[in-house]
Structure formats: C-alpha cells, structure tokens
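Engineer: I am attaching a structure below and will ask some questions about it afterwards.
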Amino acid sequence: MIEAEVHLSLHNFLKRQVGFPSWHHHLTMARLVARALRVGRSALIQVGAACGFQGRYRTSFVASALMWQGPVIIVAPDSVKQSLLKVEIPRLQEWLQIDKPIRIGDSFPGNNFQGLLLISPQTWLKLQLDNQDNLQNNLPDGIPTIIDGIDDLENWVRQYLTITIDSQDWEQLMLACPHQGDKIRGARVHLTRDFFQHPANPYECYLLSEDDEEVLSRLFSEFIPEQLPEKWQKFSKVFQSGNQSINSLLNYEKHSEKSNLPASSLKWVTIARRQGLFSLHCAPGEVASTLSPIWQRQPVVLIGSAIEPETEAPIFRQQMGLNDLTCLKFSSDSQAEAISLYVPNQFPLPNTPEYQAAFINKVRSLLCLSATSSGSTVILIGDVPLKSRTGAILASEFGSRVQVEKTCLEDNGILISGWEYWREYQKVLPTPELLIIATLPLPSLEHPLVSLRVAHYKKTHQDWFRLYLLPQALKELQRAIAPVRENQGIVALLDTRVINRSYGAQILTALSPMARINYLDPDLFASEDEQRSWE
8 MIEAEVHLSL
18 HNFLKRQVGF
28 PSWHHHLTMA
38 RLVARALRVG
48 RSALIQVGAA
58 CGFQGRYRTS
68 FVASALMWQG
78 PVIIVAPDSV
88 KQSLLKVEIP
98 RLQEWLQIDK
108 PIRIGDSFPG
118 NNFQGLLLIS
128 PQTWLKLQLD
138 NQDNLQNNLP
148 DGIPTIIDGI
158 DDLENWVRQY
168 LTITIDSQDW
178 EQLMLACPHQ
188 GDKIRGARVH
198 LTRDFFQHPA
208 NPYECYLLSE
218 DDEEVLSRLF
228 SEFIPEQLPE
238 KWQKFSKVFQ
248 SGNQSINSLL
258 NYEKHSEKSN
268 LPASSLKWVT
278 IARRQGLFSL
288 HCAPGEVAST
298 LSPIWQRQPV
308 VLIGSAIEPE
318 TEAPIFRQQM
328 GLNDLTCLKF
338 SSDSQAEAIS
348 LYVPNQFPLP
358 NTPEYQAAFI
368 NKVRSLLCLS
378 ATSSGSTVIL
388 IGDVPLKSRT
398 GAILASEFGS
408 RVQVEKTCLE
418 DNGILISGWE
428 YWREYQKVLP
438 TPELLIIATL
448 PLPSLEHPLV
458 SLRVAHYKKT
468 HQDWFRLYLL
478 PQALKELQRA
488 IAPVRENQGI
498 VALLDTRVIN
508 RSYGAQILTA
518 LSPMARINYL
528 DPDLFASEDE
538 QRSWE
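So in the numbering used here the end of the sequence shown lands on 542, straight run, no missing numbers.
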C-alpha cells in the first residue's frame, strides 16, 4: 500500500538529511495523507501553530502527493507555492527519483494529466464556483485536493464572494443604461450625502441603513437584470438574497419566529473621506452553503496550524460546511516550543479608565528589563488610539528604536503593531525575543461587520461568543505567538481577563506549551551564561 511505501521512503529521506529541520510527526502525517489519497476519504489536520509558522510539515504531504500514482491538486497561497516549487518538491523528487509533472496555472491541464497542479485559493474557488456550464474551465470531479493554510479559508471565501461597487462601476452603469441616467445620479448623490454624515470611526466602515437599502432596491427595480453590467448583476443578486433589513436583523428579538429568519447577506460601505469616495460591499451571510457542495466532488485534505482546541474542530467544520472526515491534531513539542508567559495578577481590566496608563507603565518596565537583550520587541495593540499614543510616548523615550508598523527594524528594535500588520509581516521581520500583547484579540463589537455577524448567531439562538468571538481570538493569538516559540521567547499578556473570566482557562490551554509567571524577575531576560555567572 502507498502508506507503507511513503513511510519507508520518507523515513530514509529524513535519516539522511543533514541540518534538515526535524518534526517528530512527519511520518504520521505522511501516512494519513497517503491514506486519504488511496481511500478517497477527506481529512482535517491541525499541525500546531509553531509548525504551521515554520512550514516544516509540508515535506510530509509533498512526499505523499509525489508518490501517488494519479493527479493531485495542491491549493496554497503564492508564497507557499514558491516554497514548494523551490525547496520541498525538488528535494523530494531527487531523492524519490520521481519525474511526476508539476504544473502551475489557472485551469486543469487535461484528462490525461497525472501530475501535481499547484493553484492559488482564488483560482481554486473560481474554478469550483464559476462557469458551471463550461466544463473545460472547471476542475474535474474526483481529483484529490490538498488545501494548505486553512486558517485563512473563511477569509479566502468571504473575499472571493464579496462584490464591491466603486466609483468606476457607477460610471459603467451610466454608460450601460443612459436612459436611466437621472435616476442613477440621484441614487448616487443620495447615498453619498447619507454616507458622509456618519461620524468617523477607526474602521471607516458602516452598515447600510434601511433608507440606503431602499434607495438601492428602488434603483434595481428600474432595470431588467440583463441590462446591468456583469458586476452590478452579481451585486444585485447577492444584495437581494435574504433581503432582510439591517435594523430587523440587529433587533432580532422583535421577531416572533426567530429560528425561521432567512440568512441575510452582509451589506456595508467603506468610505475614503479625503477623496470623497465610497465603495459598496455585499457578501453572503455564511459560507457553509457555498462550500458544502465542493467537498462532495472530491476527497480533500485540509491542513491548518491551530484551527480549534478540539481535535474534531466542530465549530470550524460547521462554519465551513464539512461533514464526516478524519480529524487529527498533532501535539506541540513541549521542550522546543515552550514560551514564558507573563500575566500580572493585579492589573486593570481593558475596559476601565485606569488601563491605558497602567499598560504604558508596564510596557516601560518590560522594555527596561529587556534593555540588555539583543533581540527585538513587538508590541501588539488592537486599539488604534492606544497604538498611536503608545508609539508617540515610547518614541520620545527610546528614540529611533521604536517603529510603528514598519518593516525596517533594528536588531534590538521595538515594533508597535496592530494584529493585521503583524500577521502579514511576521515572517519577514526578525523573530522577537519579547512579545507584549495589550488585550485579547476578540473581534470588536463596535466594528459594524462584527456586530452584524454576531446578530446572525443571535437570531438562531447560538452562542455567538463561543462560536465566533472566542475561536477568532484563539486563532489570532496562536498565530501571533508562533514566531516567539522559535527561540523560546517571552510573551507578556497584559489582559487579566485570562485569569478573571471563565474562558481564561481555555485561552491559557491554547497557548501551551508555556511556563506562566506572574511577576517580573530581573533575570528574566538574562542569557544562560549570565545566569550561570551570577550563580
């Protein structure tokens, strides 16, 4: 069987690699992927946050895909594809003496293709969801598919399904429907005036009001769908699907039959105040119904870092429309990946007036203690005003060492960053020795899209905190901390909700392996040689 062949070949390969980054689950994962290819049974694999950050696990599934006698599709972001093409695939091809064809493209090479096809998530979604009547542009059913990086799967799907209307689309609508020009201009002027009356918020993002939706609905009623440009046709279709008003959704308790409410589409606007421009956005309220038919067409191996604390990943599977499949979650290396986690026992809660001053003072203390360290420091702050104020104060005290969301960082530099920036650039920035986290990355209910998604859970009597906010925070935390595990660094989490709230234990468990400390020891940042000399 292919499982035994992959096990033996990979085992011999790993034994003969000098300086190859080891991972003690390589053989287990390779066997599971090989079995999924042979039996045609889908699998969900969680490799752990640290291993996911390092990408060491990829050797396992590449070995199985190369040794499988039929075609395999590998779905991965461009950066991962480049790593596969330049490192993992050539190295294993040379060892295994396999000349399996490797292709990159935006379509399936043909019915006789028996090699590996590497495609991006956006291309894969396009081939799965678009042009259903043109089979030549789609992926044939039944071809085993490996999807790498499913931590971002929901974001990939939502981004793909989101239809955006900007200024040039309004101009195209005017050109396509010149006889309706006055009504189009009137609707655009009305929306512009209404949108720019919103008070500024950090996101410059706002839900459409009932009045805004009515303006657009009236505009759409003036056209036969075939008259509209293609993007407007898609926008109109999604906009009017489950066309429930925002106020009705947010005030769901007024409905008498809440469980029978239709799934609404998400409708919002983003504005650029300086340019006086706005963009309309519309997306389905959930993605499970879109993805569910895809999983039925072929066996899939979904690989992610740390999707959920539970091996079976019930929340993720429900949200992604996944049914019966094999689930496996690998344990972390408790010795090589352990961090020191500092959580002060006595500290103001984030929603109190005292928090901001206490946070800045604590950051000062941590930076002073780590002054002798040659490593860099990253300070993660989700609150935009607090991020700006912290940057200004620390820059006045520590000078050019302090950078706010910039990649040009000194060896002992101090980077102040939001969560999104750190997630995007953490692989190109120096591995920090100290990571300071202001507050848990729970999605803010003040963000219009977050409040709308919470309303979707509320209307069906689901636990929106457990099913949405907490899983998002756990995933973000584990990804943010992953680089620190490389050098067994220090993480300071200055949010005492982890010890004062019932969900805190779940968060601490997700951050394992770690050694928790609740006081600042002067020797905390001392090297092993320095500690031995003091002893």
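Ideal placement from N, C-alpha and C gives every residue a C-beta, glycine not left out.
DSSP three-state call for Asp-502: helix, strand or coil?
Structural biologist: Coil at Asp-502, not helix or strand.
Engineer: Is the stretch 403-418 touching the stretch 444-463 in the sense that three or more CB pairs, one from each, lie closer than 8 Å?
Structural biologist: Touching, no.
Engineer: Taking the beta carbon of Val-545 as the centre, do at least 16 other beta carbons fall within 10 Å, making it buried, or is it exposed?
Structural biologist: The question about residue 545 has no answer, for the chain in this structure spans 8 to 542.
Engineer: Do you know offhand how far Ile-514's Cα is from Val-222's?
Structural biologist: Rounded to whole angstroms, Ile-514 to Val-222 spans 45 Å at the Cα level.
Engineer: Since Ser-424 is in the beta strand (DSSP E), which residue starts that stretch and which ends it?
Structural biologist: It spans 421-424 - the beta strand (DSSP E) in which Ser-424 sits, taken as one unbroken run.
Engineer: Curious, which full-length alpha helix (DSSP H) runs of at least 4 residues does the stretch 129-197 contain?
Structural biologist: Within the stretch 129-197, the complete alpha helix (DSSP H) runs of at least 4 residues are 160-168 and 174-183.
Engineer: I'd like to confirm something about Trp-426: is its beta-carbon nearer than 8 Å to some heavy atom of the ligand SAM, or not?
Structural biologist: Looking at this structure, you won't find the ligand SAM or any other ligand, since it has none at all.
Engineer: Measuring only the C-alpha atoms, how far is Ser-312 from Arg-324?
Structural biologist: Going from the Cα of Ser-312 to the Cα of Arg-324 covers about 15 Å.
Engineer: Taking buried to mean at least 16 other C-beta atoms within 10 Å of its own C-beta, is Thr-384 buried or exposed?
Structural biologist: Thr-384 comes out buried.
Engineer: Relative to the alpha-carbon of Pro-355, which residue among Leu-459, Asp-502, Leu-348 and Gly-283 has its alpha-carbon at the smallest distance?
Structural biologist: When each option's Cα is compared against that of Pro-355, the closest is Asp-502.
Engineer: Smallest Cα separation from Met-7: which of Val-294, Asn-118, Ala-183 and Ile-9?
Structural biologist: Outside the displayed range of the chain (8 to 542) lies residue 7, so it cannot be described from this structure.
Engineer: Taking buried to mean at least 16 other C-beta atoms within 10 Å of its own C-beta, is Phe-60 buried or exposed?
Structural biologist: Result: buried.
Engineer: Using C-beta distances below 8 Å, list every residue in its chain close to Thr-414, excluding the 5 sequence neighbours before and after it, in chain order.
Structural biologist: These residues qualify, in order along the chain: Tyr-432, Val-435 and Leu-436.
Engineer: If we ignore side chains and look at the alpha-carbon of each, how far apart do Leu-447 and Leu-387 end up?
Structural biologist: If you take the alpha carbons of Leu-447 and Leu-387, they lie about 10 Å apart.
Engineer: Can you name the start and end residues of the beta strand (DSSP E) that Thr-277 belongs to?
Structural biologist: Element bounds for Thr-277: 273-279.
Engineer: Starting from the N-terminal side, write out each stretch of the alpha helix (DSSP H) that is 4 residues or longer and does not extend beyond the stretch 453-536.
Structural biologist: DSSP runs (the alpha helix (DSSP H)) wholly in the stretch 453-536: 455-466, 477-492, 504-507 and 511-517.
Engineer: Please state whether the Cβ-Cβ distance between Ile-80 and Trp-30 is less than 9 Å.
Structural biologist: Result no, Cβ atoms of Ile-80 and Trp-30 do not sit closer than 9 Å.
Engineer: Using the Cα positions of Phe-337 and Leu-376, report the straight-line distance between them to the nearest angstrom.
Structural biologist: Going from the Cα of Phe-337 to the Cα of Leu-376 covers about 35 Å.
Engineer: With distances taken from CA atoms, which of Gly-398, Phe-203, Pro-108 and Gly-389 is nearest Leu-73?
Structural biologist: The candidate whose alpha carbon is nearest that of Leu-73 is Pro-108.
Engineer: My parser needs the alpha helix (DSSP H) runs of 4 or more residues fully inside the stretch 313-390; what are they?
Structural biologist: With a minimum length of 4 residues, the continuous alpha helix (DSSP H) runs that stay inside the stretch 313-390 are 321-327 and 362-376.
Engineer: Using 8 Å as the cut-off, can you tell me whether the stretch 504-519 makes contact with the stretch 188-198, which would need three or more C-beta pairs spanning the two stretches below that distance?
Structural biologist: Judged by Cβ distances under 8 Å, the stretch 504-519 makes no contact with the stretch 188-198, as fewer than three pairs qualify.
Engineer: For Tyr-432, which of helix, strand or coil comes out of DSSP?
Structural biologist: Note: Tyr-432 maps to helix in three-state DSSP.
Engineer: Would you please state the rounded distance, in angstroms, between the beta carbons of Ala-320 and Leu-51? I believe it to be under 8 Å.
Structural biologist: At roughly 6 Å, the Cβ-Cβ gap stays under 8 Å, so Ala-320 and Leu-51 are in contact.
Engineer: Contact defined as beta carbons within less than 8 Å: I believe Lys-238 pairs with Ile-170. What is the distance between those atoms, to the nearest angstrom?
Structural biologist: Lys-238 to Ile-170, Cβ: 7 Å. Contact.
Engineer: Do you know offhand how far Asp-218's Cα is from Ile-506's?
Structural biologist: Asp-218 and Ile-506: Cα-Cα distance of roughly 45 Å.
Engineer: Between the Cα of Tyr-210 and those of His-463, Ile-497, Ile-443 and Glu-427, spot the shortest distance and give me the residue it belongs to.
Structural biologist: Checking every option, the nearest Cα to that of Tyr-210 belongs to Glu-427.
Engineer: Would you mind stating whether Ile-150 and Gly-62 have Cβ atoms separated by less than 9 Å?
Structural biologist: No. Outside cutoff.
Engineer: Starting from Phe-246 and walking both ways along the alpha helix (DSSP H), at which residues does that stretch end?
Structural biologist: Counting along the chain, the alpha helix (DSSP H) containing Phe-246 begins and ends at 237-247.
Engineer: Between Trp-429 and Ala-487, which are expected to be in contact by the criterion C-beta below 8 Å, what is the C-beta distance as a whole number of angstroms?
Structural biologist: About 6 Å separates the two Cβ atoms, so the contact holds.
Engineer: On the DSSP bridge list, what partners appear for Tyr-213?
Structural biologist: Answer by DSSP bridge pairing, in chain order: Val-276.
Engineer: Count the C-beta pairs between the stretch 521-534 and the stretch 391-402 that are closer than 8 Å, then say yes if the count reaches three, no if not.
Structural biologist: Output reads no: the stretch 391-402 does not touch the stretch 521-534.
Engineer: For Ile-111, name the three-state secondary structure that DSSP assigns.
Structural biologist: In the structure shown, Ile-111 sits in a strand (DSSP, three-state: E or B).
Engineer: Looking at C-alpha atoms only, which residue of Ser-224, Lys-244 and Arg-225 is the closest neighbour of Glu-233?
Structural biologist: It is Lys-244 whose Cα lies nearest to the Cα of Glu-233.
Engineer: Return helix, strand or coil for Cys-289, following the three-state DSSP convention.
Structural biologist: Strand at Cys-289.
Engineer: With DSSP as the reference, label Glu-260 as helix, strand or coil.
Structural biologist: Because Glu-260 carries a pLDDT of 40, less than 50, the predicted location of this residue cannot be relied on, and no value is offered for it.
Engineer: Mind checking which residues open and close the alpha helix (DSSP H) that includes Leu-73?
Structural biologist: That run of the alpha helix (DSSP H) goes 65-74.
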